[in-house]
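Participant: Using mature numbering (1 follows the signal peptide of the UniProt record, and there is no 0), the letters of the sequence shown map in sequence onto residues -19 to -1, 1 to 158. C-beta: ideal position from N, C-alpha, C; glycine also. Since we're looking at a predicted model, the values are computed, not measured. Below is one structure. I have some questions about it.
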Amino acid sequence: MLKLSLLLSCLCAAGSSLARSRPAKPEFLNLTAIGASDGRSTIECWQLGPFDKSSQPGTSGTRFLKLGDISTGTYSVLPPDFDGGRHNAPAFQYVFFASGLAHITLPNGTDEAWVHGGKHGLIIAADTKEMSKHGHITRYPGKDNTVALQIPIKEGSDLKHKMLHKGACTEKEMSGI
């Protein structure tokens, strides 16, 4: 009886393992962007890509995406409940929230973006003072520090993207990663 029970357990585990599928390979990267239009900041869902297949040792066969020509970045630690106030992006840049929580709003509208640090924590901030008169507002309402990497994208960089829609990307739109 014990052998039958063990055999059934093994078969169930094997069936369960086979039923699980591998995650889909990402074709594009969807992320929230703070853009600008007619002198006002906007929150938009952008699509970057497409991904390419790596032939580089150590990552050969995996998917990668060129991020454009980037320059010197900064690493910031923002305390819990920090209010970054109203500001413009200092440069056209990636901001990667490695941990914590960021709440981004617009002074001239009702759009907002909640960005959780980690896997889906990458955004683009493009509402520089040349593009937007009033910028955006960023608050960090979490109970822990928020760690952010700010990585400027050099002017003239070939960043392939398109706007999918106005408003922040949904978790489902970013779930391919």
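Between A79 and the rest of its own chain, which residues show a CB-CB distance below 8 angstroms, the 5 nearest in sequence each way excluded?
Facilitator: Numbered from its first residue, the sequence shown carries residue 79 at position 98. Closer than 8 angstroms at Cβ, skipping near neighbours: G98, G99, G102, V128, A129 and L130.
Participant: Roughly how far, in whole angstroms, is the beta-carbon of P38 from the beta-carbon of D125, given that I think they are within contact range, below 8 angstroms?
Facilitator: Start at 1 with the first residue of the sequence shown, and residue 38 comes out as number 57. Start at 1 with the first residue of the sequence shown, and residue 125 comes out as number 144. Incorrect: roughly 37 angstroms between the Cβ atoms, too far for contact.
Participant: With K153 as the anchor, note down where its alpha helix (DSSP H) starts and where it stops.
Facilitator: Here residue 153 refers to the residue found at position 172 when the sequence shown is read from its first residue. That run of the alpha helix (DSSP H) goes E152 to M155.
Participant: Go ahead and label V96 buried or exposed: buried means 16 or more other beta carbons lie within 10 angstroms of its beta carbon, across all protein chains shown.
Facilitator: Position 115 of the sequence shown, counting from 1, holds the residue named residue 96. V96 is buried by the Cβ-count criterion.
Participant: Closest to E8 by CA distance: which of Q28, F73, G123 and R21 is it?
Facilitator: Translated into positions along the sequence shown, residue 8 becomes position 27. For E8, the nearest C-alpha among the options comes from Q28.
Participant: So the beta strand (DSSP E) E93 belongs to, where does it begin and stop?
Facilitator: Within the sequence shown, residue 93 is the residue found at index 112, counting from 1. Its beta strand (DSSP E) spans residues E93 to H97.
Participant: Thinking C-alpha only, which one of S36, G54, G16 and S41 is nearest K135?
Facilitator: For the purposes of this step, residue 135 is taken as residue 154 along the sequence shown, with counting starting at 1. For K135, the nearest C-alpha among the options comes from G54.
Participant: Please report how far the alpha carbon of V58 lies from the alpha carbon of A83, in whole angstroms.
Facilitator: One-based indexing of the sequence shown puts residue 58 at position 77. One-based indexing of the sequence shown puts residue 83 at position 102. Rounded to whole angstroms, V58 to A83 spans 12 angstroms at the Cα level.
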